[in-house]
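This note's numbering numbers the first residue of the sequence shown as 1 and each following residue consecutively.
Cβ coordinates follow ideal geometry from the N, Cα and C atoms, glycine included.
Accompanying notes for the structure given below.
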Amino acid sequence: MTLTVARVLYNTPLASSYGRVGLSCGDAFAHAKPGQFVMLGFAESIDPLLRRPFSIHRRLDGDGALRGIELLYKIVGPATRRLSRLAAGESVSLLGPLGSAFVLRAGVRRLYLAAGGVGVAPLLFFAEHLDRRQLQMLDCRLFLGGRSREDLLCVEDFERLGIAVVSTTDDGSCGDQCRVTTPLEEAIRLAPPDLVLACGPREMLACVLGIVRQHGTACQVSIETMMACGMGACLGCAVKGHQDETRFLHACMDGPVFDADEIGL
Ligand SMILES: Cc1cc2nc3c(=O)[nH]c(=O)nc-3n(C[C@H](O)[C@H](O)[C@H](O)COP(=O)(O)OP(=O)(O)OC[C@H]3O[C@@H](n4cnc5c(N)ncnc54)[C@H](O)[C@@H]3O)c2cc1C
Ligand code: FES
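Structure below.
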């Protein structure tokens, strides 16, 4: 883990409240794994006071100044608003890489990815991190849900990798009008996967956990709790254990990626 100052390479709006920011930071994140995150602060500024957690969305493996990471953000408050206004050449401060990563065990042939909204961020890093031969041998599908069409991000990026995308929206503006867990559960019933990887809002992940437990499917979830420090110091990210509800885990240190049987949501 390092604390580094990163320079903004580009900051591209996606839909009205989303964007992608490329950050030049040399080799500081060259060994970052999909699922890990950074705590981002604004260099030379204490406003907002606390760093904010963001999943690593991509590793930028270019030369020299083009090496670094990309983040995908949704504008929800002061930090993400400020992030959205950063111009090329400006700086941010990054602490990381932090936390646990998704793990693809040997023998997985059918893999389902399930994402809600900006929860797609670490899953694209995961998919792009697989080598081409590994991808060709996998039956990999993405189940992507959002409130509306504009909340369905990165569809072309997954399709370019040969991953089939099943989209759903709450308002029916794209794909079926239902929760993303509806087609996910149907697919788990009809063509059981060896592994499900999921990231999204808490309610979605709670539903995913219910489904995989019912079907006995291996699953890892990445949870987005509130985090003040990202380093195990503030206890702000506590998550209940699954079997023993008196046992608490730290999302920042023990997670954010957990096996389905580790946590209760
Ligand atoms: C491990 C991890 C990875 C994350 N990855 C991403 C990512 O890739 N892209 C992205 O856009 N966001 C991600 N988040 C969420 C992101 O950290 C928050 O959206 C951000 O901190 C909001 O800061 P803000 O100052 O803009 O808004 P705030 O004023 O801090 O929050 C605005 C509103 O969002 C709610 N909120 C804030 N943080 C969270 C959270 N973690 N979960 C649920 N609700 C929250 C607050 O309750 C408030 O209602 C991640 C969170 C975690 C823990
Ligand atoms: S965010 Fe402070 S302990 Fe996890």
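Whose C-beta lies closer than 6 Å to the C-beta of residue i among residues of the same chain, with five residues either side of it excluded?
| i | result |
| --- | --- |
| Ser55 | Phe37, Ala121, Pro122 |
| Arg110 | Asp139, Pro193, Asp194 |
| Phe102 | Pro34, Gly35, Phe126, Leu197, Gln220, Val257 |
| Arg52 | Leu40, Ala79 |
| Leu113 | Leu123, Leu142, Leu197 |
| Val155 | Val165 |
| Leu95 | Leu3, Met39 |
My output table needs one value for residue i: the three-state DSSP class, helix, strand or coil.
| i | result |
| --- | --- |
| His242 | coil |
| Thr168 | strand |
| Phe42 | coil |
| Asp27 | coil |
| Arg51 | coil |
| Glu70 | strand |
| Val76 | coil |
| Leu142 | strand |
| Ser297 | Nothing about residue 297 can be read from this structure; the chain reaches only from 1 to 265. |
With a threshold of 7 Å on Cβ separation, who are the neighbours of residue i within its own chain once the five nearest residues in sequence on each side are excluded?
| i | result |
| --- | --- |
| Glu185 | Ile211 |
| Glu150 | Ala15, Ser16 |
Please list, in chain order, all residues of the same chain as residue i whose beta carbon is under 8 Å from its beta carbon, the five residues on each side excluded.
| i | result |
| --- | --- |
| Gly241 | Arg247, Phe248, Leu249, Glu262, Ile263, Gly264 |
| Ile188 | Tyr112, Val196, Ile211, Val212, His215, Thr217 |
Please list the terminal residues of the continuous alpha helix (DSSP H) segment that includes residue i.
| i | result |
| --- | --- |
| Ala114 | First-last for Ala114: 110–116, but that is the beta strand (DSSP E), not the alpha helix (DSSP H). |
| Phe126 | 120–129 |
| Arg132 | 132–137 |
Could you please give the first and the last residue of the uninterrupted beta strand (DSSP E) stretch that includes residue i?
| i | result |
| --- | --- |
| Arg249 | Note that residue 249 is Leu in the sequence shown here, rather than Arg. From DSSP, the beta strand (DSSP E) with Leu249 extends over 248–250. |
| Asp61 | 58–61 |
| Phe102 | Phe102 -> no beta strand (DSSP E), and no H or E assigned at all. |
Around ligand 2, Cβ to any heavy atom closer than 7 Å, ordered along the chain: Met227, Ala228, Cys229, Gly230, Met231, Gly232, Ala233, Cys234, Leu235, Gly236, Cys237, His250, Ala251, Cys252, Met253
Inside the stretch 161–238 only - alpha helix (DSSP H) runs reaching at least 4 residues: 181–190, 202–215
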